[in-house]
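Residue numbers (numbering that gives the first Met the number 0), protein chains in the order written: chain A, 0 to 100; chain B, 0 to 681; chain C, 0 to 178.
For every residue, glycine included, the Cβ atom is placed at its ideal position computed from N, Cα and C.
What follows is a set of notes on a single structure, which appears directly below.
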Amino acid sequence: MLVTQFLILGALLFSIGIYGVLVRRNAVLVLLSIELMLAAVNINLVAFGAFLQDTMLGGQAFALFVITIAAAEVGIGLAIVVLIFRNRSSANVDELDLMRW
Amino acid sequence: MSPTLALFALQAHEPGHLSDGGVLAEFAWLIPLVPLVLMVAIVFVGKRLPYKGWELAEAAMLFVAVYGVTLLIMNASGGIYHEGSVEIARIGAYTIEWGWVVDGLSIMMYSVVGVVGLAVFTYSKGYMKGDVRYTWFFAAFTLFAGAMLVLVSAANMIQLLVGWELVGLASYLLIGHYWEDHSNNAAAIKAFFTNKIADVGLVIGIIIIGVTVGSFRFNDVLTAVFDGDSALAQVAFWAGLALFIGAMGKSAQFPFHVWLPDAMAGPTPVSSLMHAATMVTAGVYLLGRMFPFYQSDVFAADVKTIIIVIGAITLFAMGLIALVQDDIKKVLAYSTLSQLGYMTVAMGAGAYTAGLFHLFTHAFFKGLLFLAAGSVIHAVHSNNMSDMGGLRKPMPWTYKTFLVGSLALAGIFPLAGFWSKDEILASISYDAGHGGGTIASVVLWIAIAGAFVTAFYMARAVYLTFFGEYKGHAHPHESPKIMTYPLIGLAALSIVAGFVNVPGVYTGFTEWLAARPFSMGDHHAESINFALAAIGLLVALAGIAAGTRLWRKDAATQAERDRFRIPVLYPVLEHKYYIDDLYRVALVDPIRGPVARFVNWTNTYVIDAVVNAFGGLSMVLAKGVYRGVDQRGIDLAINAVAGATGEAGEALRHTTTGRVQQYAGALFAGAVLLVLGLLIFT
Amino acid sequence: MDVGAWIDWTLDWLSNAQNVLFIVVALAMVAAAFRVVTSPNVVHAALMLVVALGGSAVLFLMLGAEFVAWALVLVYIGAVVVLFLFGIMITRAPTGRDPVRLDHKRRWPAALVAFATFVTLASVSVAAFEDAVIEGQVTRTDELGELLFTRYVIPFEAVSFVLLAALIGGIVLARKDPE
C-alpha cells in the first residue's frame, strides 16, 4: 500500500467536506460536513503514523484526540443550533446575518 | 569842527576793545528761551490762570525788556561782544549749532523787542479784553516774541532761518486770529505765501554762502570777507542778491510788499508789534548783520545799487498810496512800508548806523501810532476814518500821543524821527558823492520828496480822525489806563530816542552798534549836516501845512474830502498800482484754477489709479487664489481623498455579509492561494 | 508519460489484495461523502456520513490501528451521528424531504474552492511521497494505552477538560430558560 493513496483519499474527502461547508444551508448539514473533514484528517494522521512506523504512535494518538475533540465540538455545535432554532424556528444559516453591514 | 568832536568821531570808528559781557552775556540764551517756554506754559495752563495767561506773557516781555536794557546799559559803558554756541547736529562736514550773539546789534534789537513788546503786551490786556481766543492770542504773541529773539540772537544762518520761519508762522497765526471771517484767512495765507516765495532767495543765499565758506556762522562768513576769500567773492553777488530777496519778503519791499496792508486784518497790537516795530525789520536786521559783505567792493557791493533802487521805489510809491486810504490802519501800514523803504535805502547807501537808527526810532513811534489807532478803533468800533472825526475832545490822551507819534514820523525837530531821517539823508548824500553816483543823487531827491508825502498823509490822518465832527454811531470815550499808559510811555520814547545819536554831539548809538568784532566800514558824519536837516524839516513842515490847508477845514463832510480826487492818479493809487490785481491774474488764478484742477486730476486718476490698481490687482489675485487654487485645487484634493476613502469603505463593507459560510469560503480560498504561492515562489 | 507503463503499474498495484480492498472501500467512502454534501434529504445525509465513517474505520484496520478504528466506530458512529439525528429531529418539524432548498443557489464558487484545495493537496502529496510504501503492522493496544498515559498524558488530560467544558456548555446552552 502506498502512502499516496491514503493521502489522495484524505484530500478528496477534505475537499468534499469543504464543498459541503460552503454550500449547505442547514446548520446541521454544515456540521455534518465538518465531521467529514475531520474524518479525512484522521485518515491522514493514521496513514502517516503507519508509514513512519513511529514507536511513539503519534499519529494514532492524535487521531484519538481529534475524534474526542470532534465529539465535543459536535455537542456544543448542536446545542447552539438548537438554541438558534428555538429563537428563530429555522436552522437556515443564511438568516444568521446580524453581523452584516 | 572842534578837536573834541573829532576825537569823538575817531572813537566811534574803532571796532573797539570789547569786553566779554560777563555772566549776563553768558546766559543770554535765556532771552529767546524764556518767551518760548512761557508760551508752552500759556498753552497748557493759561486758561486756568487768573488773568488767563496774560501774566505769563507779560512776565516774558518784562524779563526780555529788563535783560535787554541792562545789556544795553552795559554795552553803552563799554562795548560787549560775546558769542556762545552749542552744537546740535552734524551733517557731513557742516555743524548745526544753536548760538547766541551778544553784540551791539543784537543788544539793540533785544531792547527794542523787549521795550516795545512790553508796552504792546500791557496795552493788549485792555484791547483784547473779551476776545474769544484771549489765551491763545497771548500764546501766539509770546511765540512771536520768542521767535523774533531767536532770529536776532542767531549766531549762524541756520538759526536765523529757524527764527525767520517761526516769526512767519506766528504772523500767520496772529493775522488769522479772527478766522471766522474768511477774508482774514486769505490775508494770513497771502502774508505767509509772499514771505515763503521770498524765502527761497534767503535759503539759496544761505546755502551758497554756507557751502562756499564751509560754515554757517556769521562770524566765519565775515572773517572770510575780511580775509578776502576769493571763492566767496565769486559767488558774492548772487548770494548777496538772494539774501536781499529774502529780506525783501520779510521787510515788505516792492514787489513783495503786497502782504503788509492785508496783514492789518489782524488785531491792532499785532500790527503794532509785528508789522511795524519788529518782525518787518528782520530784513533790515539781516542786511545789518551781513553788512561788511555788502560793503566790500570785492564782494556784494554791486547789490547795493539794487537795494537802494528798490528801497526808493518802495519809499515813494507806498507813501502815495497812504494818501488815499480811508482805513486808518492801512494808512499806517503804507506808512510802515514807506519807512521800511527808508531803512532799505540807508542800507543800500552803505549807512549801517543810519538805517538801524531809523529802525530803532521807527519802532517806537510807529508802534505808538498803531496802538493809538487801536485805541481809536476800540472806541468807535470801526477802522475807517470816515466813521471818525472830532475825537480829540473825548479821547485826549489818545489824541496827544497820536500827535506826538505823527510829528515824530514826519521828522519834526526835536522828535526822534527828525534825527534818524536826517541821518539817512546825510548818508545818501555822502554816498552820492562817494561811489553811489547818479542813482544815489536821484534817490536823495526821492527821499526828500518822500518826507513831504509822509508829513502830508499823517496830517491828513490826524485831521480826519481827531478834528471836525464825529461821523460815526458809537459813543467814543477815552480808553482805560492800561491802554493809555503804554501810549504815554512810547510817546516819551518817541520824543527822546533821537538824542542818542546826534552827530557831533553825542553818538552813543553809533558806538553801541559798532560793538562788533569787525568794523562795519560805514561812514559816520562828524557833525550835523545842517543844510540837509533844514531841507528835511522844511519839507515836512510844508507837508503838514498842505495837509492842514486841505483837510483841517474840510474834515466835516465826506463829499468835501473827496474833492481832491485827482482823476487818473487817485484810482491808480486806490488800486495800489494794480499790483495785487496783477498778482491775482498772473499767479493766483492760474494756480487756483487750471493748475489745481490738473493736480487734482493727476492725483485722482494717475496716482490714486496706480494705488487702486495695486489694490485691485491684489484683490483679483486673492480671489483667484482662493477660488482656483484653494477651493478647486487643494480642497478638491482633500475632499477627493476623503471621498475616496468613504467610497472604498462603502464598497468594502459589502463583504461583511454576516454569513459565516462566505467567510469560511474566503478563508479556504485564501489558504489555498497562500499555499500555491508558497509552492510557486519558493 | 506513456499509458502503457501506467497501466502496468496499476495492474501491479491491484495485484495486492489490500489495494483492491482499499479501492473498494475508498470508492464507497467517496460516494457516501458526495451524498453527504449533495443529498436533499437531511437524514440521508447523516446516514451517508455513517457509511463514510465506517469506511474510514475499515481503512484504519487495514493500517493496523485497531483501537482507533473501534474508538471511531464507538464514538463517531455510535454517539456523534446519533447526536446529529437528534439535532435534525429537534430543528425541524417535518421529516422526509425538506421543502426548503438545502443548498445555496450559487454553488460554483464553493466547487471551485473545493477543487482547488483538492488539487493542491493531492499534487503536494504525490510530489512528496510518490512511491513510498507502508509496511503494514498491527499496533498493540496496550502500547497505545501506555503511551497515552505517559507520553501523551497532558494532551489526554486537556482533552478531558475540553470534554467537561463541552458537556457543561452544552447543558447550559440548550436548557430552557429558567423562568
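{"Check": "Under a three-way DSSP split, which group does SER14 (chain C) fall into?", "Outcome": "coil"}
{"Check": "Which residues in chain A have a C-beta closer than 8 Å to the C-beta of LEU48 (chain C)? List them in chain order.", "Outcome": "LEU31, GLU34 and LEU35"}
{"Check": "Would DSSP call TRP258 (chain B) helix, strand or coil?", "Outcome": "helix"}
{"Check": "Mind pulling the chain F residues with CB within less than 9 Å of VAL36 (chain C)?", "Outcome": "Looking for chain F here will not work: the only protein chains present are A, B and C."}
{"Check": "If you pair each beta-carbon of the segment 347-361 of chain B with each one of the segment 384-404 of chain B, do three or more pairs fall below 8 Å?", "Outcome": "no"}
{"Check": "Does THR90 (chain C) have its Cβ less than 7 Å from a Cβ in chain B?", "Outcome": "no"}
{"Check": "Is the segment 531-549 of chain B touching the segment 229-246 of chain B in the sense that three or more CB pairs, one from each, lie closer than 8 Å?", "Outcome": "no"}
{"Check": "Excluding five sequence neighbours on each side, which residues of the same chain lie with their C-beta closer than 8 Å to the C-beta of HIS43 (chain C)?", "Outcome": "ARG34"}
{"Check": "Just how far apart, CA to CA, sit GLU34 (chain A) and THR681 (chain B)?", "Outcome": "33 Å"}
{"Check": "Within its chain, find whatever has a CB closer than 6 Å to the CB of LEU173 (chain B); leave out the 5 residues flanking it on each side and keep chain order.", "Outcome": "ALA139, GLY265 and VAL269"}
{"Check": "Chain A beta carbons: is any one of them nearer than 7 Å to that of GLY54 (chain C)?", "Outcome": "no"}
{"Check": "Out of curiosity, what's the CA-to-CA distance linking ILE481 (chain B) and HIS380 (chain B)?", "Outcome": "19 Å"}
{"Check": "If you compare alpha carbons, which of A:ALA26, A:LEU28, A:ASN25 and A:ILE17 is closest to ALA39 (chain A)?", "Outcome": "A:ILE17"}
{"Check": "Give me the subset of the segment 58-71 of chain A whose CB atoms are less than 9 Å from a CB atom of chain C, sorted by chain position.", "Outcome": "GLY58, GLN59, ALA60, PHE61, ALA62, LEU63, PHE64, ILE66, THR67, ILE68, ALA69, ALA70 and ALA71"}
{"Check": "Could you tell me how far apart the beta carbons of TYR109 (chain B) and VAL151 (chain B) are, in whole angstroms, since I believe they sit closer than 8 Å?", "Outcome": "7 Å"}
{"Check": "Closer than 8 Å, Cβ to Cβ, to anything on chain A: give me those residues from the segment 106-132 of chain C, in chain order.", "Outcome": "ARG106, PRO108, ALA109, ALA110, VAL112, ALA113, PHE114, THR116, PHE117, LEU120, ALA121, SER124, VAL125, PHE128, GLU129, ASP130, ALA131 and VAL132"}
{"Check": "With DSSP as the reference, label THR94 (chain C) as helix, strand or coil.", "Outcome": "Confidence at THR94 (chain C) is low in this model, with a pLDDT of 49, below 50, so its placement is unreliable and the value that follows should be read with caution. THR94 (chain C): coil per DSSP, three-state reduction."}
{"Check": "Does any C-beta atom of chain B lie closer than 7 Å to the C-beta of VAL81 (chain A)?", "Outcome": "no"}
{"Check": "Determine the contact status of ILE76 (chain C) and LEU52 (chain C), defining contact as a CB-CB distance below 7 Å.", "Outcome": "yes"}
{"Check": "By Cβ distance below 6 Å, which residues in the same chain neighbour GLY95 (chain C) in space, the five residues on each side in sequence not counted?", "Outcome": "Low confidence applies here, because GLY95 (chain C) scores a pLDDT of 47, under 50, leaving its location unreliable and the question unanswered by this model."}
{"Check": "Can you check which of these residues, C:MET61, C:PHE114 and C:ALA126, is closest to ALA16 (chain C) by C-alpha distance?", "Outcome": "C:MET61"}
{"Check": "My assumption, with CB atoms under 8 Å, is that PHE137 (chain B) sits in contact with GLY45 (chain B). Please give the rounded CB distance.", "Outcome": "7 Å"}
{"Check": "Please look up how many angstroms separate the CB atoms of GLU145 (chain C) and GLN52 (chain A), rounded, as I've assumed it's under 8 Å.", "Outcome": "17 Å between Cβ atoms; not a contact."}
{"Check": "Using a Cβ-Cβ cutoff of less than 6 Å, which residues in the same chain neighbour PHE290 (chain B) once the five nearest sequence positions on both sides are dropped?", "Outcome": "TYR351 and MET519"}
{"Check": "From which residue to which residue does the beta strand (DSSP E) around VAL100 (chain B) run?", "Outcome": "93-101"}
{"Check": "With a cut-off of 7 Å, does the C-beta of GLN4 (chain A) fall near any C-beta of chain B?", "Outcome": "no"}
{"Check": "In the structure shown, what three-state DSSP assignment does LEU1 (chain A) receive?", "Outcome": "strand"}
{"Check": "Could you tell me whether the Cβ atoms of GLN102 (chain A) and ALA64 (chain C) are closer together than 7 Å?", "Outcome": "The structure shown has nothing for residue 102 (chain A), since chain A only spans 0 to 100."}
{"Check": "Quick one: using the 10 Å Cβ neighbour count with 16 as the cut-off for buried, is ARG626 (chain B) buried or exposed?", "Outcome": "exposed"}
{"Check": "Shorter than 6 Å, the distance from the beta carbon of ASN183 (chain B) to the closest heavy atom of the ligand FMN, or not?", "Outcome": "Looking for the ligand FMN in the displayed structure turns up nothing, as the structure carries no ligands at all."}
{"Check": "Between which two residues does the beta strand (DSSP E) harbouring ARG89 (chain B) extend?", "Outcome": "81-90"}
{"Check": "Would you kindly check if the distance between the Cβ of VAL323 (chain B) and the Cβ of GLU477 (chain B) is under 7 Å?", "Outcome": "no"}
{"Check": "Can you tell me the Cβ-Cβ gap for PHE225 (chain B) and MET156 (chain B), rounded? I've got them flagged as a contact below 8 Å.", "Outcome": "With 8 Å as the limit, PHE225 (chain B) and MET156 (chain B) do not qualify as a contact, their Cβ atoms being about 17 Å apart."}
{"Check": "Is there contact between the segment 294-301 of chain B and the segment 371-389 of chain B, where contact requires at least three CB pairs shorter than 8 Å?", "Outcome": "no"}
{"Check": "By DSSP, does ASP521 (chain B) sit in helix, in strand, or in coil?", "Outcome": "coil"}
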